[in-house]
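What follows is a single structure, written as structure tokens, with notes after it.
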Amino acid sequence: MSERITYQQFLYKHLRDQPGLTTLLESISNAAAGIAEELSRISFTGPADPGTVNLHGESRHHMDQYAETLFLTALSESRACFAVLSEEQTEMIQLTSALSQEAAYIIALDPLDGSSNIDVNIPVGSIFSIYDRFKTASPSHPAAVLQDMDGHIASGYVLYSTTTMIVLALPGLVTGFTLDSANGGFVLSHANIRIPDTGNIYSVNDGNYHDFDRGTQNYIRFCRQQKEFYERPFTARYVGSMVADIHRTLLKGGIFLYPATMALKEGKLRLAYECRPMAYIVEQAGGRASTGSKEILDLPLRSPHQRVPVVIGSEEMVNTAKRLLNACL
Ligand code: AHM
Ligand code: MG
């Protein structure tokens, strides 16, 4: 059996000279373990409260609030986090403990993505990006660091599924850790993840087909018609939980799309805490991420909860998609 390397040991090895970042990433894993535990009891703690909505007008599960509280408590106690932009809050929240005020890091966080799936026992996730608040031209405006990728340090997600995993992307290195609850803590399980250059799985909400523009419809028809070129068409897979869909794409190859629709002209997914972190993770693993016309990681963040269309996955598939998406514009 190969050597057991814990998440902490990995962090100490790779971020030896950044103790604040190590502490911050440990606090994220602690919150994730707490969320995983609570999710495992969800059948006993009850379903979503009907009629509760979040600031985006989307239905809100009590686990959304629970997950956010756990993250904010862990980040605050870490004293390594200055502020958090959460999907659940209108504005960035500045942490108030005395040492947090000196802390260097700002996090963009989706505490529990895909929570509408919880009550039917489908995987959900948490998504985060970490920024150094001093790496901005406007240090007196901490939120300014989120405007571009200059101050970006790391991104990751937690997948709460058959097992709970953290996938962490540092520059050029994407690593997966699996929760070993019996022995407490996350253990390295997926070293140096590389996304296959191509694949045969496409992942999109096909129910929106008639609300997509012609370029997107073009590409989806291309995916359906691959039988002309291969023995069978591409496989369609859509969990409806971004972390699960991206995790599969990362490990098996493929493409994930959430394009603009007639109702959602900028798409559904948020740049700061959904598209950017996932784009960064997939690109560090060798894949690509685009809006269809622009690189996701080049997009400036104009408002905290800005949405963007996203096409993300294996390089060859994203390149083909970009060509077909733009063919009819
Ligand atoms: P949420 O942040 O409100 O949970 O919504 C995000 C989720 C993603 O996980 C997923 O990719 C998408 O919404 C699915 O949306 P749809 O049901 O429109 O296909
Ligand atoms: Mg979300």
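For what it's worth, UniProt numbering labels the leading residue of the sequence shown as 1, then goes sequentially. For glycine and all other residues, C-beta sits at the position ideal for the given N, C-alpha and C. Being a predicted model, the structure only gives us computed values, none of them experimental.
Contact under 9 Å by Cβ, residue i with residue j
i           : j       : result
Tyr-131     : Gly-156 : no
Met-63      : Val-124 : yes
Ser-29      : Tyr-7   : yes
Leu-112     : His-61  : yes
Val-239     : Ile-106 : no
Ser-314     : Gly-267 : no
Ala-31      : Leu-95  : no
Ala-36      : Tyr-160 : yes
Gly-287     : Thr-249 : yes
Asp-110     : Glu-87  : yes
Ile-193     : Ala-272 : no
Ser-27      : Ser-78  : yes
Phe-177     : Phe-10  : yes
residue 330 : Ala-67  : Past the edges of the chain, shown from 1 to 329, lies residue 330, and the structure says nothing about it.
Euclidean distance between Cα positions of residue i and residue j
i       : j       : result
Lys-322 : Gln-225 : 17 Å
Ser-303 : Gly-215 : 27 Å
Ala-236 : Cys-223 : 9 Å
Ser-241 : Gly-114 : 5 Å
Glu-38  : Thr-69  : 13 Å
Glu-295 : Phe-44  : 43 Å
Val-311 : Met-317 : 10 Å
Tyr-280 : Ala-169 : 7 Å
Gln-65  : Asn-54  : 10 Å
Ala-244 : Ser-140 : 37 Å
Thr-136 : Val-145 : 5 Å
Leu-257 : Ser-129 : 20 Å
Ser-97  : Ile-127 : 24 Å
Lys-252 : Glu-58  : 31 Å
Ala-263 : Ala-327 : 22 Å
Gly-207 : Ala-104 : 43 Å
Phe-212 : Tyr-219 : 11 Å
Gly-172 : Leu-297 : 15 Å
Met-149 : Ala-289 : 14 Å
Phe-71  : Gln-89  : 13 Å
Val-158 : Pro-309 : 22 Å
His-14  : Ala-191 : 13 Å
Gln-217 : Ala-182 : 47 Å
Lys-265 : His-305 : 14 Å
Residue burial classification, residue i (beta-carbon count within 10 angstroms, cutoff 16)
i       : result
Ala-83  : buried
Arg-41  : exposed
Thr-163 : exposed
Val-120 : exposed
Glu-3   : exposed
Pro-196 : buried
Leu-49  : As written in the sequence, residue 49 is Asp, which differs from the Leu given in the question. The residue is exposed, with fewer than 16 neighbouring Cβ atoms inside 10 Å.
Ala-108 : buried
Ala-154 : buried
Arg-221 : exposed
Arg-307 : buried
heavy atom of ligand 3 below 8 Å from residue i C-beta
i     : result
Tyr-7 : Ligand 3 is not part of the structure shown, which contains ligand 1 and ligand 2 as its ligands.
Given residue i as reference, the closest of the options once Cα atoms are compared
i       : options                            : result
Pro-142 : Leu-257, Leu-85, Thr-175, Asn-117  : Leu-85
Pro-259 : Glu-58, Arg-270, Thr-175           : Arg-270
Leu-324 : Phe-212, Gly-292, Gln-89, Arg-16   : Gly-292
His-247 : Val-167, Glu-283, Thr-96           : Val-167
Phe-134 : Lys-265, Cys-81, Leu-264           : Cys-81
Gln-147 : Leu-299, Gly-176, Pro-309          : Leu-299
Ile-5   : Gln-217, Thr-175, Ile-118, Val-158 : Thr-175
Thr-198 : Val-282, Gln-217, Ala-182, Phe-71  : Val-282
Thr-52  : Thr-73, Ser-116, Val-308, Gln-217  : Ser-116
Ile-118 : Glu-102, Val-308, Leu-15, Gly-46   : Gly-46
Three-pair Cβ contact test at 8 Å for the region 173-187 versus the region 262-276: The region 173-187 is not in contact with the region 262-276.
Can at least three beta-carbon pairs, one atom from the region 14-24 and one from the region 196-213, be found at a separation below 8 Å? no
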